[in-house]
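Peer 1:
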Amino acid sequence: MNFQDTIIAPATPQGVSALAVIRLSGKDAITIVNKVFDGKNLNEQPTQTAHFGVIKDGDEVIDEVVVTIFREPRSFTRENIAEISCHGSPIVVKDLIRLFLKHGARMAEPGEFTRRAFLHGRIDLAQAEAIADIIHAETENARQAAINQMRGGFSSEINHLREELIHFASLIELELDFGEEDVEFAKRDDLRQLILRIQSYLQVLIDSFNAGNVIKNGVPTVIAGKPNAGKSTLLNALLNEERAIVSDIPGTTRDAIEDEIILGGINFRFIDTAGLRETEDVIEAIGVERTRERMKKASLIIYLFDLASATLESIRGEEQALHELNIPFIKVGNKMDKADPALLQQLAQRDFVFISASGKTNLQTLKDRLLNMFHINTVKSGDVLVTNLRHYENLVQTRDSLQRVLTGLDEHITGDFLAMDIRQALHYLGLITGTITTEDLLENIFSRFCIGK
Ligand SMILES: Nc1nc2c(ncn2[C@@H]2O[C@H](COP(=O)(O)OP(=O)(O)OP(=O)(O)O)[C@@H](O)[C@H]2O)c(=O)[nH]1
Ligand SMILES: [Mg+2]
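FYI, the numbering for the sequence shown is 58 to 510, going by this note's numbering.
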């Protein structure tokens with residue numbers, strides 16, 4: 058990838074719309090557009106201004122447009138940018154892009170605009186990742202969490218703490234230069250105080266990841282149970298849609314069927330599965346195997362018991378197997394309309410939610426239970442939440458390295474070892490905001506953007 062080039066990409070989705078926007082960024086962005094723009098001389102216009110005119114290929118008018126220009130460094134990429142608002146026809150967009158390619162622009166790679174913004178110091182890596190999250194946010198909460206991160210989030214605090222730590226690291230390294238002499242430039246007590254301060258900040262961020270992850274990625278929730286328990290009926294009832302086939306023949310569902318709904322600001326992805334049983338049917342057996350795999354990977358299991366046919370003994374056996382999975386679950390007794398009152402009595406103290414999926418009875422109780430598993434408040438402007446696994450992992454690594462520094466201080470280890478652990482912590486902190494990067498990491502992050510971002 059050559060960052061000297063001037064790049065171009067549509068900034069709006071493909072398809073017919075009232076307007077479409079094409080964006081160019083790079084040294085020649087404005088001059089390239091100026092070559093084909095009939096209106097004013099764009100090269101003489103100040104930054105942050107919009108200009109009406111027509112774009113011509115030779116004598117042929119391609120479209121009437123508005124060109125907005127941003128001059129470096131006052132633009133998103135800190136390069137010259139020209140944004141062309143044209144009519145929202147795929148043909149117009151294609152013809153305009155082809156014309157600009159002919160005049161020296163090249164197609165942008167996915168995420169290249171944002172990558173340039175990062176390379177020019179306009180945003181840090183965590184903010185760049187937040188931009189992708191904003192685009193992909195599916196709930197109000199996810200959007201707000203991403204906006205907060207893009208607007209600075211924990212980046213500035215982390216950079217600040219990192220600088221304080223660098224200060225100590227260099228003092229300790231200076232001590233090492235004095236070799237034999239017994240000097241101490243870095244006051245050990247001050248260092249300990251600083252690390253304790255950083256640790257408590259890191260811990261708040263680390264603890265926020267549980268909620269952050271749920272907010273950003275939703276909760277994959279597997280609906281499991283024996284054949285005919287009413288799993289597909291429940292999925293349909295939750296979705297308010299006849300999504301899965303329901304029948305009184307055990308073994309109806311084979312492939313997993315999934316769909317999402319937003320409850321209380323959280324995106325739940327419900328996965329209806331094949332009923333659990335030993336079976337001679339080869340296809341059904343594959344389905345059952347898949348159910349077991351899905352259950353192991355779920356964040357939550359809604360386990361359905363068929364109260365019309367279960368006994369206390371059979372229920373105990375299923376409960377046992379469910380506990381062994383070690384995954385959060387909700388025990389749901391379905392077909393309460395057909396249940397033996399004596400059985401209901403026996404189960405009363407065993408933490409069941411009783412519903413009738415076909416009668417849509419008590420579904421609200423089940424939904425409340427779902428939400429209660431996740432204590433998530435509405436995300437407000439300014440709340441700092443870690444939603445990104447990469448950030449979370451680096452925060453944990455930083456905390457662990459700093460813990461080694463603290464232990465080292467307690468054991469009065471020598472400066473060179475202290476310095477090593479501090480450097481390690483600095484490394485992980487730097488990875489979060491992108492002070493330290495590798496080509497692979499950048500490739501990995503930006504390739505997940507769409508073209509034009
Ligand atoms: N009486 C009663 N019947 C129900 C209830 N919920 C589901 N059923 C019936 O139970 C039968 C099985 O329902 P399904 O939803 O297909 O069951 P399933 O768990 O998906 O079954 P498999 O896909 O075979 O594993 C159907 O005849 C439903 O109409 C309920 O609350 N009460
Ligand atoms: Mg089913």
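Glycine is no exception: its CB is placed at the ideal position from the N, C-alpha and C atoms. As the structure is a prediction and not an experimental result, all values here were calculated from the model.
Select from N59, N205, T348 and G487 the residue whose C-alpha is nearest the C-alpha of R173.
Peer 2: Per the Cα distances, N59.
Peer 1: Thinking C-alpha only, which one of K283, E341, T368 and E337 is nearest R311?
Peer 2: Ranking the options by Cα distance to R311, first place goes to E341.
Peer 1: Closest by CA to T134, which one among S227, Q377, H177 and L222?
Peer 2: Among S227, Q377, H177 and L222, the Cα nearest to that of T134 is on H177.
Peer 1: Run through the segment 435 to 486 for me and flag every whole alpha helix (DSSP H) of 4 or more residues, listed as ranges in chain order.
Peer 2: Qualifying alpha helix (DSSP H) stretches, in chain order: 446 to 467.
Peer 1: Leaving out five residues before and five after A194 in sequence, what residues of the same chain have Cβ atoms less than 6 Å from its Cβ?
Peer 2: Within the same chain, A194 has close Cβ partners R200 and A203.
Peer 1: In angstroms, rounded to a whole number, what distance separates the CA positions of V240 and A226?
Peer 2: In a straight line, the C-alpha of V240 is about 15 Å away from that of A226.
Peer 1: Let's see if you can read the secondary structure: which residues bound the beta strand (DSSP E) around K354?
Peer 2: Run containing K354: none in the beta strand (DSSP E); it sits in the alpha helix (DSSP H), V339 to K354.
Peer 1: Just to check my reading of the structure: K161 and I89 have Cβ atoms closer than 8 Å, yes? What is that Cβ distance to the nearest angstrom?
Peer 2: In the sequence under discussion, the amino acid at residue 161 is Gly, which differs from the Lys named in the question. The pair is a contact, with the Cβ atoms about 5 Å apart (cut-off 8 Å).
Peer 1: Quick check: what's the CA-CA separation for N216 versus L475?
Peer 2: C-alpha separation (whole angstroms): 21 Å.
Peer 1: Please identify the residue among P307, E315 and G287 whose C-alpha is closest to the C-alpha of R300.
Peer 2: The option with the nearest alpha carbon to R300 is E315.
Peer 1: Given V410, which residues of its chain have a CB within under 8 Å of its CB, disregarding the five upstream and five downstream residues?
Peer 2: I387, K388, V389, G390, N419, T422, L423 and R426, listed in sequence order.
Peer 1: Can you check which of these residues, I319, G287, S132 and L320, is closest to S304 by C-alpha distance?
Peer 2: Out of I319, G287, S132 and L320, G287 has the C-alpha closest to the C-alpha of S304.
Peer 1: Whole angstroms is fine: what's the gap from A86's alpha carbon to R249's?
Peer 2: For A86 and R249, the distance between alpha carbons rounds to 52 Å.
Peer 1: Counting C-beta neighbours from all protein chains within 10 Å, is the total for H448 16 or more, i.e. buried, or is it exposed?
Peer 2: H448 is buried by the Cβ-count criterion.
Peer 1: Would you check if there are 3 or more beta carbon pairs closer than 8 Å linking the segment 477 to 497 to the segment 144 to 162?
Peer 2: The segment 477 to 497 vs the segment 144 to 162: no contact.
Peer 1: Helix, strand or coil for L76, going by three-state DSSP, please let me know.
Peer 2: Strand.
Peer 1: Check whether the Cβ atoms of T63 and K92 lie closer than 8 Å to each other.
Peer 2: It is not a contact, given that the beta carbons lie outside the stated cut-off.
Peer 1: Taking the alpha carbon of T196 as the reference point, which residue from G72, E376, G321 and E129 has its own alpha carbon closest?
Peer 2: Checking every option, the nearest Cα to that of T196 belongs to G321.
Peer 1: Return the residue from the list A165, I372 and R351 that minimises the CA-CA distance to L401.
Peer 2: The residue with the shortest Cα to Cα distance from L401 is I372.
Peer 1: Who are the Cβ neighbours of S265 in its own chain at under 8 Å, not counting the five residues just before and after it?
Peer 2: Counting only Cβ-Cβ distances below 8 Å, and skipping sequence neighbours, we find V441, L442 and V443.
Peer 1: Measure the CB-CB distance between V271 and I433 and report whether it falls below 8 Å.
Peer 2: Going by C-beta atoms, V271 is nearer than 8 Å to I433.
Peer 1: To the nearest angstrom, report how far apart I223 and M430 are at their CA atoms.
Peer 2: Looking at the two C-alpha atoms, the distance is approximately 41 Å.
Peer 1: Apart from the five residues on each side of it in sequence, which residues of its chain come closer than 7 Å, Cβ to Cβ, to I319?
Peer 2: Hits under 7 Å: T196.
Peer 1: Given this structure, state the Cα-to-Cα distance separating S213 from E221, to the nearest angstrom.
Peer 2: Each residue's Cα considered, the two are about 13 Å apart.
Peer 1: Taking C-beta to C-beta, are L364 and K395 nearer than 8 Å?
Peer 2: Yes, the Cβ-Cβ distance between L364 and K395 is below 8 Å.
Peer 1: Relative to the C-alpha of A107, which candidate in I141, S132 and T494 has its C-alpha closest?
Peer 2: Residue I141 is the option with its Cα nearest to A107.
Peer 1: Any heavy atom of ligand 2 inside 7 Å of the beta-carbon of A301?
Peer 2: Yes.
Peer 1: Please indicate yes or no: does the CB of S366 lie closer than 7 Å to some heavy atom of ligand 1?
Peer 2: S366: no, Cβ never under 7 Å from ligand 1.
Peer 1: Reducing DSSP to helix, strand and coil, say where N59 ends up.
Peer 2: The answer is coil: DSSP assigns N59 none of H, G, I, E or B.
Peer 1: Give the DSSP bridge partners of S413, in chain order.
Peer 2: According to DSSP, which records beta bridges pairwise, S413 is partnered with T418.
Peer 1: From L156 to M207, what distance separates their C-alpha atoms?
Peer 2: Looking at the two C-alpha atoms, the distance is approximately 34 Å.
Peer 1: Grab the span of the beta strand (DSSP E) containing R326 for me, first residue to last.
Peer 2: Counting along the chain, the beta strand (DSSP E) containing R326 begins and ends at I323 to D329.
Peer 1: Any heavy atom of ligand 1 within a distance shorter than 7 Å of the CB on S213?
Peer 2: False, no ligand heavy atom lies under 7 Å from that Cβ.
Peer 1: Just how far apart, CA to CA, sit T171 and A185?
Peer 2: Each residue's Cα considered, the two are about 6 Å apart.
Peer 1: In the DSSP assignment, find the beta strand (DSSP E) that holds N100 and state where it starts and stops.
Peer 2: Note, N100: premise wrong, no beta strand (DSSP E); not H, not E.
Peer 1: Would you say the beta carbon of S142 comes nearer than 7 Å to a heavy atom of ligand 2?
Peer 2: It does not: the Cβ of S142 is nowhere closer than 7 Å to a heavy atom of ligand 2.
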